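For the working numbering, add 329 to where a residue sits in the sequence shown, where the first one is 1.
Backbone N, C-alpha and C define an ideal beta-carbon position, used for all residues, glycine too.
This one's a predicted model, so the numbers in the text were calculated from it and none came from an experiment.
Here is the structure we will look at.
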Amino acid sequence: MFNHMKQHGTKDYEEFYTMAQQITGLYLYPIICILGLTGNMLSIIVMAQSKLQTSTNVYLAALACSDSIKLLNDLLYFIVILLMKIDPVIANALYGHLYPYAHFVFNVAMCNTAWLTVSVTVERYVYVCFPTRAKTLCTVRLARKVCACVFVVMTGLAIPNALRYKTVEIIDAKTNVTTLDVVVTALWKDDTFKIVFTWVQNLTRSVIPLLVLAVFNASIIQVLRRSRANRKVPARKRITVMLVCIVFVFLICVTPDAILSTFFGFGYNEASFVVRGIREYTDTLLAVNSAINFLLYCTFNKIFRLNFMLIFCRRCYIDNKHSDVSRFNKLKFSKELSGKISCTLKGSTIICAKTTDSRRPCFRSSSGDKGTLV
Numbered sequence: 330m331f332n333h334m335k336q337h338g339t340k341d342y343e344e345f346y347t348m349a350q351q352i353t354g355l356y357l358y359p360i361i362c363i364l365g366l367t368g369n370m371l372s373i374i375v376m377a378q379s380k381l382q383t384s385t386n387v388y389l390a391a392l393a394c395s396d397s398i399k400l401l402n403d404l405l406y407f408i409v410i411l412l413m414k415i416d417p418v419i420a421n422a423l424y425g426h427l428y429p430y431a432h433f434v435f436n437v438a439m440c441n442t443a444w445l446t447v448s449v450t451v452e453r454y455v456y457v458c459f460p461t462r463a464k465t466l467c468t469v470r471l472a473r474k475v476c477a478c479v480f481v482v483m484t485g486l487a488i489p490n491a492l493r494y495k496t497v498e499i500i501d502a503k504t505n506v507t508t509l510d511v512v513v514t515a516l517w518k519d520d521t522f523k524i525v526f527t528w529v530q531n532l533t534r535s536v537i538p539l540l541v542l543a544v545f546n547a548s549i550i551q552v553l554r555r556s557r558a559n560r561k562v563p564a565r566k567r568i569t570v571m572l573v574c575i576v577f578v579f580l581i582c583v584t585p586d587a588i589l590s591t592f593f594g595f596g597y598n599e600a601s602f603v604v605r606g607i608r609e610y611t612d613t614l615l616a617v618n619s620a621i622n623f624l625l626y627c628t629f630n631k632i633f634r635l636n637f638m639l640i641f642c643r644r645c646y647i648d649n650k651h652s653d654v655s656r657f658n659k660l661k662f663s664k665e666l667s668g669k670i671s672c673t674l675k676g677s678t679i680i681c682a683k684t685t686d687s688r689r690p691c692f693r694s695s696s697g698d699k700g701t702l703v
């Protein structure tokens with residue numbers, strides 16, 4: 330099983346690699362992937378509501394799709410590791426057939442996730458720093474075009490990864506048993522091509538997005554601090570804080586992989602056992618990055634929480650008549666369903682009025698925080 334691993338790696342750290350693979354692939358991956366996929370699917374359902382069709386949510390829904398592809402790919406890895414314990418023959422066949430394609434899908438998903446995160450951060454930067462231009466630059470139509478361009482360009486960039494490995498049959502001369510192995514293709518044995526493309530991919534997938542996100546995030550945080558000092562709270566401050574947190578999580582989870590891939594030039598299959606062991610943990614951080622956004626939406630986005638409850642827990646959320654907020658939410662849901670009426674809560678009084686912008690009805694919660702459906 331996995332003959333190429335034995336050929337290319339030293340056995341000095343084989344036990345370390347085996348333990349890392351078991352901890353991450355067998356225990357952590359199924360938990361992270363199942364919870365992450367569930368959260369991403371719920372996020373897509375909530376953001377697909379017509380009243381939540383904003384440019385920011387277009388980016389976040391596309392990000393959830395990209396993250397889900399990454400998590401499905403990781404779930405297949407868990408299945409292979411599990412089968413290694415149950416039936417090594419089936420595991421070998423599954424690994425041999427899947428790995429060349431899984432490697433391609435992994436890189437496509439990672440590139441898309443990186444640049445979708447950059448896209449939504451740039452959009453939020455425009456919202457915060459150039460609010461007068463946001464109406465023309467931050468539209469749903471433009472967001473959809475940007476997402477489509479990101480997908481096409483990043484998929485095209487990752488095509489050489491689909492040509493990196495090939496599956497070959499190996500016959501054991503002693504036992505006459507045929508097993509599958511994954512080997513590097515002739516294209517990737519060309520040192521010039523390998524070095525150039527690896528640098529281009531690592532810069533595109535990790536280094537450039539990390540630098541861009543760090544710069545824009547710093548600018549957004551500065552504006553948020555000034556607005557707090559001047560007691561001018563933007564209407565979409567909570568959304569901005571949520572996106573800042575998403576970027577911070579991305580920076581924390583992606584940086585180790587970027588350092589390992591770019592500055593040390595380490596791959597995976599061609600590396601030693603110690604490098605592959607470290608890879609198991611850095612890849613787990615990438616899975617966490619793809620799985621955690623739903624929790625951030627629920628924590629920082631009141632409108633997301635409200636609509637999530639109205640979709641999945643409508644009865645228990647609306648039927649509680651013991652608070653002004655509950656009465657407000659119930660009336661707000663019925664009045665604003667058409668998107669033409671906005672409701673505000675002042676003390677114990679609920680005020681509803683027509684709104685000219687059917688896409689962005691506003692409301693004021695019992696704590697006085699104003700928000701928009703973004």
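query = Mind checking Lys464: buried by the 16 CB within 10 Å criterion, or exposed?
reply = On the sequence shown, residue 464 is found 135 positions in, with the first residue counted as 1. Under this definition Lys464 is an exposed residue.
key: At least three beta-carbon pairs within less than 8 angstroms, the segment 576-593 to the segment 530-541   = yes
request  = Determine the DSSP secondary structure at Glu344, reduced to helix, strand or coil.
outcome  = One-based indexing of the sequence shown puts residue 344 at position 15. Glu344 falls in the helix class under three-state DSSP.
query = So is Asn628 buried or exposed if we call it buried at 16+ other beta carbons inside 10 Å?
reply = One-based indexing of the sequence shown puts residue 628 at position 299. Checking the sequence, you will find Thr at residue 628 rather than Asn. The residue is exposed, with fewer than 16 neighbouring Cβ atoms inside 10 Å.
key: Limits of the unbroken beta strand (DSSP E) element including Leu509   = Counting from 1 along the sequence shown, the entry for residue 509 is found at position 180. Counting along the chain, the beta strand (DSSP E) containing Leu509 begins and ends at 507-513.
inquiry  = In the DSSP output, what is Val578 paired with across the bridge?
reply    = Walking along the sequence shown from the start, residue 578 turns up at place 249. In DSSP, Val578 forms no bridge with anything.
query = With C-beta atoms as the reference, is Leu445 less than 7 angstroms away from Val469?
reply = Residue 445 sits at position 116 when you count from the first residue of the sequence shown. Residue 469 sits at position 140 when you count from the first residue of the sequence shown. No; because the gap between Cβ atoms is not below 7 angstroms, this pair is not in contact.
request  = Would you list the one or two residues that DSSP bridges to Tyr494?
outcome  = Here residue 494 refers to the residue found at position 165 of the sequence shown. Paired residues: Val513.
request  = Can you tell me which of Ser372, Cys458, Leu624 puts its alpha carbon nearest to the alpha carbon of Asn636?
outcome  = As a working note, residue 636 is residue 307 in the sequence shown. Of the candidates Ser372, Cys458, Leu624, the residue whose Cα lies closest to the Cα of Asn636 is Ser372.
task = Would you mind sorting Lys399 into buried or exposed? The rule is 16 or more other CB atoms within 10 Å of its CB.
result = Looking up residue 399 in the sequence shown gives position 70. So Lys399 counts as buried.
ask   = Taking Cβ to Cβ, would you say Ile410 is nearer than 7 angstroms to Gly354?
value = Start at 1 with the first residue of the sequence shown, and residue 410 comes out as number 81. Start at 1 with the first residue of the sequence shown, and residue 354 comes out as number 25. Yes. Within cutoff.
query = Looking at the unbroken alpha helix (DSSP H) that takes in Gly606, where does it start and where does it end?
reply = Position 277 of the sequence shown holds residue 606. Unbroken alpha helix (DSSP H) run through Gly606: 602-620.
ask   = Does the distance from the C-beta atom of Phe602 to that of Tyr346 stay below 7 angstroms?
value = On the sequence shown, residue 602 is found 273 positions in, with the first residue counted as 1. On the sequence shown, residue 346 is found 17 positions in, with the first residue counted as 1. Yes.
request  = If I'm right that Ala472 touches Tyr388 with Cβ under 8 angstroms, what's the distance once you round it to whole angstroms?
outcome  = In the sequence shown, residue 472 corresponds to position 143, counting from 1. In the sequence shown, residue 388 corresponds to position 59, counting from 1. Right, the Cβ-Cβ distance comes to about 6 angstroms (below 8 angstroms), so this counts as a contact.
ask   = How about Ile361 and Ala543: are their beta carbons less than 7 angstroms apart?
value = As a first step, residue 361 must be located in the sequence shown, where it is residue number 32. As a first step, residue 543 must be located in the sequence shown, where it is residue number 214. No. Outside cutoff.
inquiry  = For a quick check, are the C-beta atoms of Thr611 and Pro585 less than 7 angstroms apart?
reply    = To locate residue 611, count along the sequence shown from 1; it is residue 282. To locate residue 585, count along the sequence shown from 1; it is residue 256. Yes, Cβ-Cβ distance for Thr611 and Pro585 is below 7 angstroms.
task = On the DSSP bridge assignment, give the partners of Ile352 in chain order.
result = As a working mapping, residue 352 is identified with position 23 in the sequence shown. DSSP, once it has assigned bridges, lists no residue as partnering Ile352.
task = Since I believe Ser397 is in contact with Leu366 (beta carbons under 8 angstroms), could you give me their beta-carbon distance rounded to a whole number of angstroms?
result = Mapped onto the sequence shown, residue 366 falls at position 37. Mapped onto the sequence shown, residue 397 falls at position 68. That pair is a contact at about 6 angstroms.
query = When the distance is taken between beta carbons, is Leu572 closer than 7 angstroms to Arg453?
reply = Taking the first residue of the sequence shown as position 1, residue 453 is located at position 124. Taking the first residue of the sequence shown as position 1, residue 572 is located at position 243. Taking 7 angstroms as the Cβ cut-off, Arg453 and Leu572 qualify as a contacting pair.
ask   = Identify the residues that DSSP records as bridge partners of Ile499: which are they?
value = Within the sequence shown, residue 499 is the residue found at index 170, counting from 1. For Ile499, which the question treats as bridged, DSSP gives the partners Thr508.
query = Between the C-alpha atoms of Ile550 and Asp519, what's the straight-line distance to the nearest angstrom?
reply = The residue given as residue 550 occupies position 221 in the sequence shown. The residue given as residue 519 occupies position 190 in the sequence shown. Using only the alpha carbons, I get a separation of about 45 angstroms.
key: Residues near Ile524 by beta carbon distance below 8 angstroms, same chain, minus five either side   = If you number the sequence shown from 1, residue 524 lands on position 195. Closer than 8 angstroms at Cβ, skipping near neighbours: no residue.
ask   = Which full runs of the alpha helix (DSSP H) of 4+ residues lie inside the segment 394-471, going along the chain?
value = 417-458, 460-466
message = By alpha-carbon positions, which one of Ile363, Gln350, Lys495, Leu509 ends up nearest to Phe433?
response = As a position in the sequence shown, residue 433 is number 104, starting the count at 1. The option with the nearest alpha carbon to Phe433 is Lys495.
message = For a quick check, are the C-beta atoms of Leu516 and Leu492 less than 7 angstroms apart?
response = Walking along the sequence shown from the start, residue 516 turns up at place 187. Walking along the sequence shown from the start, residue 492 turns up at place 163. A contact, by the Cβ cut-off of 7 angstroms.
ask   = What separation, rounded to the nearest whole angstrom, lies between the Cα atoms of Leu427 and Ile607?
value = Position 98 of the sequence shown, counted from the first residue, corresponds to residue 427. Position 278 of the sequence shown, counted from the first residue, corresponds to residue 607. If I take the Cα positions, the gap works out to 22 angstroms.
task = Indicate whether Thr385 and Val457 have their beta-carbon atoms separated by less than 7 angstroms.
result = Along the sequence shown, read from residue 1 onward, the residue named residue 385 stands at position 56. Along the sequence shown, read from residue 1 onward, the residue named residue 457 stands at position 128. No, these two residues do not count as a Cβ contact at 7 angstroms.
ask   = Which two residues bound the contiguous alpha helix (DSSP H) that contains Asp520?
value = Position 191 of the sequence shown, counted from the start, is the residue given in the question as residue 520. Counting along the chain, the alpha helix (DSSP H) containing Asp520 begins and ends at 520-531.
query = Does any CB atom of chain B fall closer than 7 angstroms to the CB of Ile398?
reply = Absent here is chain B; the protein component of the structure consists of one chain.
query = Where does the unbroken alpha helix (DSSP H) through Lys631 begin, and where does it stop?
reply = Numbered from its first residue, the sequence shown carries residue 631 at position 302. Looking at the DSSP string, the run of the alpha helix (DSSP H) that includes Lys631 is 631-641.
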